[in-house]
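First comes the structure, then the notes that go with it.
Protein chains: 2
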Amino acid sequence: MARIPNEQAARRQAARRQAARPPAGPPVPAPAGPPDGPAGGAAAAATGSAVLTGAPTSTDVARLAGVSRATVSYVLNNTTTMRISEATRQRVLAAAEEIGYVPHAAARSLRAGHSRMVLMPAPNVPLGALYGGFLGDLQQALGRSEYTVVQYGGVGRTGDDAARAWAEFRPVAVLAPAGHGLGPWGVALLKRSGARAVLTLGPERVDGAHALLTDHRKVGRCAATHLLERGRTALGLIVPGERGLEAVSHAIAAGMRHALADSGVPGATLTEVPLDRTEEAAARLASRWRGLGLDGVFAHNDEYAMLLMRALQDEGVAVPAQTAVMGADDLLLGRLLRPRLSTVRISLPSAQTLAALVDRLVNTPGGQPEVHDLLRATAVRREST
Amino acid sequence: MARIPNEQAARRQAARRQAARPPAGPPVPAPAGPPDGPAGGAAAAATGSAVLTGAPTSTDVARLAGVSRATVSYVLNNTTTMRISEATRQRVLAAAEEIGYVPHAAARSLRAGHSRMVLMPAPNVPLGALYGGFLGDLQQALGRSEYTVVQYGGVGRTGDDAARAWAEFRPVAVLAPAGHGLGPWGVALLKRSGARAVLTLGPERVDGAHALLTDHRKVGRCAATHLLERGRTALGLIVPGERGLEAVSHAIAAGMRHALADSGVPGATLTEVPLDRTEEAAARLASRWRGLGLDGVFAHNDEYAMLLMRALQDEGVAVPAQTAVMGADDLLLGRLLRPRLSTVRISLPSAQTLAALVDRLVNTPGGQPEVHDLLRATAVRREST
DNA sequence: TTGAAAGCGCTACCAT
DNA sequence: ATGGTAGCGCTTTCAA
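Those protein sequence lines, which keep their order, are chains A and B.
Following our numbering, the numbering of the first sequence begins with 1495 at its first residue and continues without gaps.
Following our numbering, the numbering of the second sequence begins with 1495 at its first residue and continues without gaps.
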């Protein structure tokens, strides 16, 4: 709320006073000093190119080309129902080019009553390279269709507040990563605000929204199964200290427990072991490792796995002989340590597939909420298990 | 352009016909069937709560509360110049709550003549964890001020096209990562469209825009200087095969050459060595390594450095005795290999600092373009050099 | 083939 | 203290 609007308002009034179109006397005798002019362009350029101030509008183009705003709109949107003479077309296009006209997206979508915006609230938890890259790809894929993908970086807002903020944009679809606390109320609000599809991306579904599930229990189950197959029964799970990863860790732990229960291996156990992402923490953990009596450990991701494995080796704990170590995400770097790190490879659907899904959901609204399982986990055995 | 607008238009006309306000006979005798209704809400809810279709507008709130749209606006915006009775306030707030009213951002900024949107076009080159995290932080920091940060994922567009697409949003500021081919023309267009600050983020400046420089020559200079100090003179630079990293590589190479020239070490040389990001490529390179005759190599980032170092060790090349290896980015994982990887630590200003800068530039437009050097490089010697 | 005009949802000026 | 209302920039129907 600076002083700009007022400046512009004043300028606009002045401009308007002399804005009687050159040809054809104006039917309105005098514009009758408008009570207010909020803001906006209306450049004073008469016909020649001048220093424009404020964004040029279609009115400016029309004036320069000597046609009406309607004609400008027809030409610039290639309207097929109206046939415009080639000469006019060219004049309009030249005028638009000359003054650097760019249509005003907000005005356009206000008039249209809908937008082609797909809103992706920025995730507010630190997501690894895997999901980060995936979201980027998805964004690209959606952009390739004719949606305008917008990642909204609203911070601090959660739950209903966040939903309200998103709804202000009147997006045609919302793709919300977990961690914003979007609930059924928010989903309903978004839908009422014109969203034709609301999707959540994360471990659990939300009433009324479509769900792209990332069920990390699968990862835990996969890891535990692998370790059991390798003959390990006293299993550990490294739980990262980073904020925002708790949910994933819990899911993984649950998956491991399921696998243990299903396996029927008698006496198999699972111990959760916290670990910060520093060398010192790893060394400390390694120093008391033998006391834990674990013969197999899964580490949430390759980075933690490598951190631990190195610390164990420095402590003289043989890998995999004494303790098998397994990571997840199949990072390239996991192959550089010795022994090479066994890992759970997580694969997600292609971004194109998902973009197509979003497109379909937008175009067939009103259907039942759909649930899609995104995540596939496969064990990759290398040398550390 | 689906069939929706027409449906809504029809519904709207119907709604309007019966929308005469309950109290106080309407001064206008008959609404005189409007020639057109583009789209939009206008729910048919008379007074009681009903199934609303389309987004509720401030008109709906006003009707339900029995006040005018103006009053609604005053209450919802906490306008201080107008004093509204507490009773009215509460009625309006309750009504807004009841029907789930959310203001229409596009309409608001259209009226206001400006937006608080900071547009960050999504980078279209693969950027590492360092810059990715940095951009994320910056987005958060800007969001914490009162800007609405929006990352725009327009694909395929470059140069003037991209600038035009961005300008449609009428952002108050644009923060464009390198790789979009933004040129002086685009900058001017954005400014004319209302952007009060245009910033580029990357290795080179653009006429008319402020520049946040990431001068990777510093990284090269730092690495080369370090290697020279360690007594190496036949230097190599690993050049990644990934697309989009060429510019960075060139800058690093240039920086290394500068360092070589400045050092005055006679006979010091620099060889650029391409390497793909796979174990196989690294093994192949390692097998012909002795033929290259290099005694020190800098690897663009820690990942490539680790890849190479492992391959060299597998080939029997002693590190650092026969060849010193240095990486960049100071990844945690670099400390897990043996020998521990020496690295160039790259530090960037805090996101808060930069957010404050953007804020200042927005609030003092018209100033000369500023150039800020973001990058600081420091050598961290570990055991591989 | 072109123009006049209405109105999307919102805010702010002016009058009551 | 509250309401009427103009108009931001745009598209589109209807009339000429």
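Ideal Cβ positions, reconstructed from N, Cα and C, are used throughout, including at glycine.
Just so we're clear, the structure is a prediction, and the values are computed from it rather than from any experiment.
Listed in chain order, the positions of the segment 1644 to 1661 of chain A with a beta carbon within less than 8 Å of a beta carbon of chain B are VAL1644, GLN1645, TYR1646, GLY1647, GLY1648, VAL1649, GLY1650, ARG1658, ALA1661. In this structure, the straight-line span from the alpha carbon of SER1639 of chain B to that of ALA1845 of chain B is close to 12 Å. Here GLU1740 of chain A is exposed, its C-beta having fewer than 16 other C-beta atoms within 10 Å. The alpha-carbon of ALA1812 of chain A is positioned some 31 Å away from that of ALA1822 of chain B.
Of all C-beta pairs linking the segment 1816 to 1833 of chain B to the segment 1794 to 1807 of chain B, three or more are shorter than 8 Å, placing the two stretches in contact. The Cβ-Cβ distance between GLY1860 of chain A and THR1817 of chain A does not fall below 9 Å. Residue B:ARG1726 holds the alpha-carbon nearest to the alpha-carbon of ALA1815 of chain B among B:VAL1733, B:ALA1793, B:ARG1726. Of all residues in the segment 1804 to 1822 of chain A, only ARG1804 place a beta-carbon less than 8 Å from a beta-carbon of chain B.
For ILE1578 of chain A, no beta strand (DSSP E) encloses it, and the DSSP letter there is neither H nor E. Among the CB atoms of chain B, none fall inside 9 Å of the CB of PHE1792 of chain A. Residues of the segment 1775 to 1800 of chain A with a C-beta atom less than 8 Å from some C-beta of chain B are GLU1797, MET1800, listed in chain order. When the Cα atoms are used, ALA1748 of chain A and ASP1631 of chain A turn out to be separated by approximately 30 Å.
Residue pairing by DSSP places SER1567 of chain B in no beta bridge whatsoever. Residue pairing for SER1836 of chain A: DSSP places it in a beta bridge opposite A:MET1820. Not one beta carbon of chain A lies nearer than 9 Å to the beta carbon of LEU1851 of chain B. In this structure, DSSP gives HIS1794 of chain A a state outside helix and strand, which the three-state scheme calls coil. Remark: C-beta atoms of ALA1656 of chain B and GLY1680 of chain B approach each other more closely than 9 Å.
DSSP places ALA1815 of chain A in no beta strand (DSSP E); its state is neither H nor E. Each of A:ASP1808, A:LEU1621, A:GLY1714, A:THR1551 was checked against the Cα of GLY1730 of chain A, and the nearest Cα belongs to A:GLY1714. For SER1552 of chain A, same chain residues with a beta-carbon under 6 Å away, outside a window of 5 residues either side, are ARG1563, VAL1566 in chain order.
Taking CB atoms only, LEU1848 of chain B has no neighbour in chain A less than 9 Å away.
In the DSSP secondary-structure assignment, LEU1764 of chain A is bridged to A:LEU1729. CA-CA distance, GLU1809 of chain B to LEU1786 of chain B, rounds to 14 Å. Boundaries for GLY1637 of chain A: no beta strand (DSSP E) harbours it, while the alpha helix (DSSP H) harbouring it runs 1623 to 1638, taken from the DSSP string.
B:GLN1862 is the residue among B:GLN1862, B:SER1878, B:VAL1874, B:ASP1867 whose C-alpha sits nearest the C-alpha of ASP1701 of chain B. Here VAL1700 of chain B carries a coil assignment [DSSP, helix/strand/coil]. In this chain, ASP1867 of chain B is not harboured by any alpha helix (DSSP H); it is covered by the beta strand (DSSP E) spanning 1865 to 1867. Taking C-beta atoms as the reference points, SER1603 of chain A and ARG1699 of chain A fail to come closer than 9 Å.
Going by DSSP, GLN1846 of chain A is part of no beta strand (DSSP E) but of the alpha helix (DSSP H) stretching over 1845 to 1857. Nearest to THR1872 of chain A by C-alpha distance, out of A:ALA1850, A:GLY1828, A:ASP1824, A:ARG1854, is A:ASP1824. With its beta carbon at least 9 Å from every one in chain A, SER1878 of chain B lies outside the interface. Remark: C-beta atoms of ALA1589 of chain B and LEU1558 of chain B approach each other more closely than 9 Å. Note on geometry: alpha-carbon atoms of PRO1734 of chain A and ALA1745 of chain A lie some 13 Å from one another. Between the alpha carbons of ARG1585 of chain B and GLY1675 of chain A lies a gap of roughly 29 Å. DSSP, read as helix, strand or coil, puts GLN1645 of chain B in strand. In this structure, LEU1754 of chain B keeps its C-beta atom at 9 Å or more from the C-beta atom of VAL1767 of chain B.
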